[in-house]
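Undergrad: Residue numbers (the numbering used here): 1 to 117.
(1) Can you tell me the Cα-Cα spacing of residue 67 and residue 90, whole angstroms?
(2) Leaving out the 5 sequence neighbours to the left and right, which residues in its chain are closer than 6 Å to residue 82 when beta-carbon positions are compared?
(3) Could you work out which residue in 102, 94, 37 and 24 is closest to residue 85 when comparing CA atoms only?
(4) Which residues mark the beginning and the end of the alpha helix (DSSP H) in which residue 110 is found?
(5) Pair every Cβ in the segment 54-64 with every Cβ in the segment 95-109, then say whether three or more of these pairs are closer than 8 Å.
(6) How about the segment 7-16 and the segment 47-56: do they share at least three Cβ pairs that are nearer than 8 Å?
(7) Once DSSP output is grouped into helix, strand and coil, what is the label at residue 51?
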């Protein structure tokens with residue numbers, strides 16, 4: 001009976017820590033993918049002088065662990081005559097509990113929130 005109580009206490013302490021680790025891992029996987037998209041966009045700009053409008057135009061498919069945790073959105077804009085883009089990753093499901101919230105990166109590699117990169 002004591003063993004069951006000890007296992008219960010350990011599980012109560014370990015499970016939240018494990019879930020936090022899973023959320024951080026998904027965030028890092030998403031950030032890695034986002035930086036890959038930035039690199040592909042920059043290469044596309046060099047090659048064809050325009051940014052892609054969708055991730056599929058870049059040949060990017062979302063891994064299941066990223067797709068289940070974040071919704072990625074690619075937004076193009078033109079600041080004056082200079083093309084620009086912003087890639088955002090909005091958390092969904094259990095990932096919404098992660099303290100960083102929505103992640104974003106621009107064509108100039110400006111990342112926010114800064115504390116989470």
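Ideal placement from N, C-alpha and C gives every residue a C-beta, glycine not left out.
TA: Per the coordinate set shown:
(1) Spanning the two alpha carbons is a distance of roughly 11 Å.
(2) Closer than 6 Å at the Cβ level, and outside the excluded window around residue 82, lies no residue.
(3) Minimum Cα distance to residue 85 is reached at 37.
(4) That residue, residue 110, is in no alpha helix (DSSP H); it is neither H nor E in DSSP.
(5) The segment 54-64 vs the segment 95-109: no contact.
(6) Inter-segment contact for the segment 7-16 and the segment 47-56 is absent: fewer than three beta-carbon pairs are separated by less than 8 Å.
(7) Residue 51: coil per DSSP, three-state reduction.
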